[in-house]
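**Q** I have a structure here, written as structure tokens, and I will follow up with some questions on it.
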Amino acid sequence: MDDHGEAGESIGRAEAGVKVDDGLEGPDFLTNILGPTLLAIFFAVLSLPFVALSLDAADYGAASGYGVSPIHVPAGDLGRWAGAFGAVVAAALVAGTIGAPMVRAHAIRGALFTTLAAWVVGIAALPVLPVLLHANRNGDLGFATLCLDSCGPLIRTDDALSGLDGAKLFLLGPLEAPVAFGVLVVGVVCWTRVVRR
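For the sequence shown, position 43 matches number 175 in this note's numbering, and the numbering has no gaps at all.
Put into structure tokens, the structure is as follows:
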């Protein structure tokens, strides 16, 4: 190939966002990968008070007498806030990273996928941080009450992986936590608008 052809190819690659000088090929890491993820984390931290205060967190153990009526934990409970923080940050990390390419390709389908991914990851991650911080009321803290004959949590904190069981019931999530789901939808819409710019 002559010098003129190589120069034209270099200009074309530079216009496409490919770094020509160091031989790297591919998109700019900061704007295409790290930027959307950091933006998602920013929106997640903004949503933290809404999510933490709207969580259905209760003590299902000795404090309630192991009875059919759990005792709801106070708004300032560390387990409630730790669960919310772990859920929103994990959801932002995963969904922000894998959702950005899909949002760039197609806004609506990408935003729907990102919302679903964030919701499932957030549910699965909900018990992890309370267990790690020992803020789980000796394993008696639970999230999302389900009452049939007696009441019990859909997500328990006696095991850090119990959120994976709860993630299978993600379709009940908008009914169990409408505020958290609404905040997620608003956050994904705002995030999508910024990422597509």
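For each residue, glycine too, the CB sits at the ideal point set by N, CA and C.
In this structure, how does DSSP classify Y191 when only helix, strand and coil are distinguished?
**A** Against the sequence shown, residue 191 aligns to sequence position 59. One detail in the question is off: residue 191 reads as Asp in this sequence, not Tyr. Of the three classes helix, strand and coil, the one that applies to D191 here is strand, per DSSP.
**Q** Measuring straight from C-alpha to C-alpha, what distance separates F302 and D160?
**A** On the sequence shown, residue 302 is found 170 positions in, with the first residue counted as 1. On the sequence shown, residue 160 is found 28 positions in, with the first residue counted as 1. In a straight line, the C-alpha of F302 is about 35 angstroms away from that of D160.
**Q** Let me know if D188 comes out buried or exposed under the rule of 16 or more other beta-carbons within 10 Å of its beta-carbon.
**A** Taking the first residue of the sequence shown as 1, we reach residue 188 at position 56. Buried.
**Q** What residue range does the alpha helix (DSSP H) around P181 cover?
**A** Translated into positions along the sequence shown, residue 181 becomes position 49. Its alpha helix (DSSP H) spans residues G167 to S186.
**Q** Is it the case that the Cβ atoms of V183 and A276 are separated by a distance below 8 angstroms?
**A** Within the sequence shown, the letter at position 51 stands for residue 183. Within the sequence shown, the letter at position 144 stands for residue 276. The answer is no: Cβ separation not under 8 angstroms.
**Q** Just curious, the beta strand (DSSP E) that G277 is in, first and last residue?
**A** On the sequence shown, residue 277 is found 145 positions in, with the first residue counted as 1. Looking at the sequence itself, residue 277 is Thr, so the reference to Gly does not match. From DSSP, the beta strand (DSSP E) with T277 extends over L273 to C279.
**Q** Please name the residue or residues paired with G284 in a DSSP beta bridge.
**A** Sequence index remark: in the sequence shown, residue 284 carries index 152 (1-based). Partner(s): L278.
**Q** Do V220 and G254 have their beta-carbon atoms positioned less than 8 angstroms apart in this structure?
**A** As a working mapping, residue 254 is identified with position 122 in the sequence shown. As a working mapping, residue 220 is identified with position 88 in the sequence shown. Yes; because the gap between Cβ atoms is below 8 angstroms, this pair is in contact.
**Q** To the nearest angstrom, how far is the alpha carbon of M234 from that of A250?
**A** Locating residue 234 in the sequence shown gives position 102, counting from the first residue. Locating residue 250 in the sequence shown gives position 118, counting from the first residue. Approximately 14 angstroms between the Cα atoms of the pair.
**Q** Let me make sure I understand the geometry here. Which of T229, A190, G218 and T163 has the alpha-carbon closest to that of P206?
**A** Translated into positions along the sequence shown, residue 206 becomes position 74. Comparing Cα-Cα distances from P206 to each of T229, A190, G218 and T163, the minimum goes to A190.
**Q** What are the boundary residues of the alpha helix (DSSP H) that includes R236?
**A** For the purposes of this step, residue 236 is taken as residue 104 along the sequence shown, with counting starting at 1. R236 -> alpha helix (DSSP H) spans L210 to A237.
**Q** What does the alpha-carbon distance come out to for the pair F175 and G319?
**A** In the sequence shown, counting from the first residue as 1, residue 175 sits at position 43. In the sequence shown, counting from the first residue as 1, residue 319 sits at position 187. In a straight line, the C-alpha of F175 is about 6 angstroms away from that of G319.
**Q** Please name the residue, chosen from P310, L278, A172 and G193, that lies closest to D272 on a Cα-to-Cα basis.
**A** If you number the sequence shown from 1, residue 272 lands on position 140. If we check each option's Cα against that of D272, G193 comes out closest.
**Q** Would you say G228 and A299 are within 8 angstroms of each other, going by their C-beta atoms?
**A** Taking the sequence shown and counting its residues from 1, the one referred to as residue 228 is at position 96. Taking the sequence shown and counting its residues from 1, the one referred to as residue 299 is at position 167. Their beta carbons are not under 8 angstroms apart, which means G228 does not touch A299 by this criterion.
**Q** In angstroms with no decimal places, state the Cα-to-Cα distance between V263 and L316.
**A** Taking the first residue of the sequence shown as 1, we reach residue 263 at position 131. Taking the first residue of the sequence shown as 1, we reach residue 316 at position 184. In a straight line, the C-alpha of V263 is about 24 angstroms away from that of L316.
**Q** What first and last residue would you give for the alpha helix (DSSP H) that runs through D290?
**A** On the sequence shown, residue 290 is found 158 positions in, with the first residue counted as 1. Neither: D290 is in no alpha helix (DSSP H) and is coded neither H nor E.
**Q** Starting from R325, trace the alpha helix (DSSP H) both ways and give me its first and last residue.
**A** Position 193 of the sequence shown, counted from the start, is the residue given in the question as residue 325. R325 -> alpha helix (DSSP H) spans P310 to V327.
**Q** When the Cα atoms are used, what is the spatial distance from G295 to V326?
**A** As a first step, residue 295 is located in the sequence shown; it is residue number 163 there, counting from the start. As a first step, residue 326 is located in the sequence shown; it is residue number 194 there, counting from the start. Roughly 30 angstroms separates the two Cα atoms.
**Q** Considering just the uninterrupted stretch of the alpha helix (DSSP H) at L261, what are its terminal residues?
**A** Numbered from 1 along the sequence shown, position 129 holds the residue referred to as residue 261. Where L261 is concerned, the enclosing alpha helix (DSSP H) stretches over V260 to L264.
**Q** Would you say A267 and G218 are within 8 angstroms of each other, going by their C-beta atoms?
**A** Residue 267 sits at position 135 when you count from the first residue of the sequence shown. Residue 218 sits at position 86 when you count from the first residue of the sequence shown. Not in contact: A267 and G218 (Cβ atoms no closer than 8 angstroms).
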